[in-house]
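Engineer: Pasting a structure below so you can have a look.
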Amino acid sequence: MDIRLLKPSDIPLIQHANLENLPENYFLKYYLYHALSWPQLSYVAVDAARPAKTPYDYPKIVGYVLAKMEEEPTDGVQHGHITSLSVMRTHRRLGIAEKLMRQSQQAMVETFGAQYVSLHVRVSNQAAIHLYRDTLGFKNEKTENKYYADGEDAYCMKLDLSFIREQIQEAEVDAGSSEKGAEKEGGDKEGGSEGVDEGEAVGDVGRDPNTPKTKKKTTAEKGGDKQVKVRVGRALGVGELVERDESKH
Ligand SMILES: CC(C)(COP(=O)(O)OP(=O)(O)OC[C@H]1O[C@@H](n2cnc3c(N)ncnc32)[C@H](O)[C@@H]1OP(=O)(O)O)[C@@H](O)C(=O)NCCC(=O)NCCS
Numbered sequence: 001m002d003i004r005l006l007k008p009s010d011i012p013l014i015q016h017a018n019l020e021n022l023p024e025n026y027f028l029k030y031y032l033y034h035a036l037s038w039p040q041l042s043y044v045a046v047d048a049a050r051p052a053k054t055p056y057d058y059p060k061i062v063g064y065v066l067a068k069m070e071e072e073p074t075d076g077v078q079h080g081h082i083t084s085l086s087v088m089r090t091h092r093r094l095g096i097a098e099k100l101m102r103q104s105q106q107a108m109v110e111t112f113g114a115q116y117v118s119l120h121v122r123v124s125n126q127a128a129i130h131l132y133r134d135t136l137g138f139k140n141e142k143t144e145n146k147y148y149a150d151g152e153d154a155y156c157m158k159l160d161l162s163f164i165r166e167q168i169q170e171a172e173v174d175a176g177s178s179e180k181g182a183e184k185e186g187g188d189k190e191g192g193s194e195g196v197d198e199g200e201a202v203g204d205v206g207r208d209p210n211t212p213k214t215k216k217k218t219t220a221e222k223g224g225d226k227q228v229k230v231r232v233g234r235a236l237g238v239g240e241l242v243e244r245d246e247s248k249h
């Protein structure tokens, strides 16, 4: 199973899954609004066991989470909101919804600095309540009477995301200390302490004419290609995602 970011071309399939699984449905443009406004926050689960045979085949989407940032938070606190979540019946109880939710929550913090995430759930929806409360740790804030069009009440639930901020900070501290370690090791190997000028003297002024000119070592001679550390993946808010190139299979 691949969990990857939602692409605008997935939208008709997500709408199909939504119609199959939930009574709350939306116009296509509402999905597109999410995909264009907060492209980092919505994810799909694609059945990788059924890869597309031609570039014209649709991926088999078996679950999705549609999420956004609250545009005008009444409490003034930057936070995310889960608009819709569902998994096809054939693929339930495999941990897909949990994974989709965790990916979205991570991106809310990394990309938008969300403090918490909120959602509504029908008071009768035991499966979803278990997922949110027991698996993910959401708390019930209040009950909104007759929230749904058919008159059912909703629990308004929230999850504090400070644990994700702490994990990110810890990872940054770890990455920082291992970078420093690598720099120190590199400096020692070159046989010099910090501040030593590695460059050649410019011109021949002051040079002992009996000393042969030394050729500057190339990077390859010093021990391989020069490697530069770059930040990718989670730090950029896209998650550790590897998109499958279906055309190769
Ligand atoms: C709710 C829903 C999204 C869960 O999807 P899922 O992929 O099956 O969920 P997961 O496999 O990730 O389950 C994670 C946890 O959720 C809870 N859970 C999921 N389905 C459950 C069920 N039928 N009964 C009780 N608990 C359930 C469990 O705590 C489960 O952990 P466990 O398997 O270790 O016991 C799915 O049932 C669904 O699409 N329902 C219809 C749409 C819907 O209600 N969406 C939510 C709207 S707010």
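The sequence shown maps to residues 1 to 249 in the UniProt record's numbering.
All residues carry an ideal CB built from backbone N, CA and C; glycine is no exception.
Small disclaimer: the values here were computed from a predicted structure and weren't measured.
Roughly how many angstroms lie between the CA atoms of Ala220 and Gly181, to the nearest whole one?
Structural biologist: Any answer about Ala220 is weak, because its pLDDT of 45 lies below 50 and its placement is not dependable; what the coordinates show is given next. Using only the alpha carbons, I get a separation of about 22 Å.
Engineer: With 16 other CB atoms within 10 Å as the buried threshold, where does Ala127 fall?
Structural biologist: Using a 10 angstroms sphere on the CB of Ala127, the tally of other CB atoms stays under 16, which defines it as exposed.
Engineer: Would you call Phe163 buried or exposed, if buried means 16 or more other Cβ atoms sit within 10 Å of its Cβ?
Structural biologist: With fewer than 16 other Cβ atoms from the protein chains shown falling within 10 Å of its own Cβ, Phe163 counts as exposed.
Engineer: Decide if Glu240 is buried, meaning its Cβ has at least 16 other Cβ atoms within 10 Å, or exposed.
Structural biologist: Low per-residue confidence applies at Glu240: pLDDT is 42, beneath 50, and the placement is therefore not dependable enough to give any value.
Engineer: May I have the straight-line CA-CA distance separating Pro88 from Ile96, to the nearest angstrom?
Structural biologist: The sequence as given places Met at residue 88; Pro does not occur at that position. Those two C-alpha atoms are separated by around 10 Å.
Engineer: So the candidates are Leu119, Val109, Val46; which of them puts its Cα closest to the Cα of Leu6?
Structural biologist: Val46
Engineer: What residue ranges within the region 111 to 162 form continuous beta strand (DSSP E) runs of no fewer than 3 residues, ordered along the chain?
Structural biologist: 116 to 122, 139 to 144, 154 to 160
Engineer: Rounded to whole angstroms, how far is the Cβ of Ala48 from the Cβ of Asp2, which I believe are closer than 8 Å?
Structural biologist: 5 Å
Engineer: How would you write the range of the beta strand (DSSP E) that Ala49 sits in, first residue to last?
Structural biologist: Unbroken run through Ala49: none, as it is neither H nor E.
Engineer: As a quick exercise: from Leu36, Tyr43, Ser37, pick the residue whose alpha carbon is nearest that of Ile14.
Structural biologist: Tyr43
Engineer: Does ligand 3 have a heavy atom nearer than 7 Å to the CB of Thr135?
Structural biologist: No copy of ligand 3 appears in this structure; the ligands present are ligand 1.
Engineer: Anyone know if the C-beta pair for Val109 and Leu85 falls short of 8 Å?
Structural biologist: no
Engineer: Within the present structure, is the beta-carbon of Ser86 separated from the nearest heavy atom of ligand 1 by less than 7 Å?
Structural biologist: yes
Engineer: How would you call Pro8, buried or exposed, if buried means at least 16 neighbouring beta carbons within 10 angstroms?
Structural biologist: exposed
Engineer: Hey, would you say Tyr155 sits closer than 8 Å to Asn145, going by beta carbons?
Structural biologist: no
Engineer: Please determine whether the Cβ atom of Glu144 lies at a distance below 7 Å from any heavy atom of ligand 1.
Structural biologist: no
Engineer: Starting from His81, trace the beta strand (DSSP E) both ways and give me its first and last residue.
Structural biologist: 79 to 87
Engineer: Write down the C-beta distance between Ile11 and Leu41 rounded to the nearest angstrom, noting that I regard them as a contact closer than 8 Å.
Structural biologist: Wrong, their Cβ atoms sit about 15 Å apart, outside the cutoff.
Engineer: Any chance the CB of Ile14 is under 7 Å from a heavy atom of ligand 1?
Structural biologist: no
Engineer: Considering only DSSP beta bridges, list what Met1 is partnered with.
Structural biologist: The partner list for Met1 (beta bridge, DSSP) is empty, contrary to what the question assumes.
Engineer: Per DSSP, which one or two residues make a beta bridge with Ala67?
Structural biologist: Ile82
Engineer: Once the 5 residues before and after Gly113 are set aside, which same chain residues still bring their CB inside 7 Å of it?
Structural biologist: Gln78
Engineer: In three-state terms, what does DSSP make of Tyr56?
Structural biologist: coil
Engineer: Let me confirm a value: Pro59 is counted as buried when at least 16 other C-beta atoms fall within 10 Å, else exposed. Which label applies?
Structural biologist: buried
Engineer: Please confirm whether any heavy atom of ligand 1 lies closer than 7 Å to the CB of Glu98.
Structural biologist: yes
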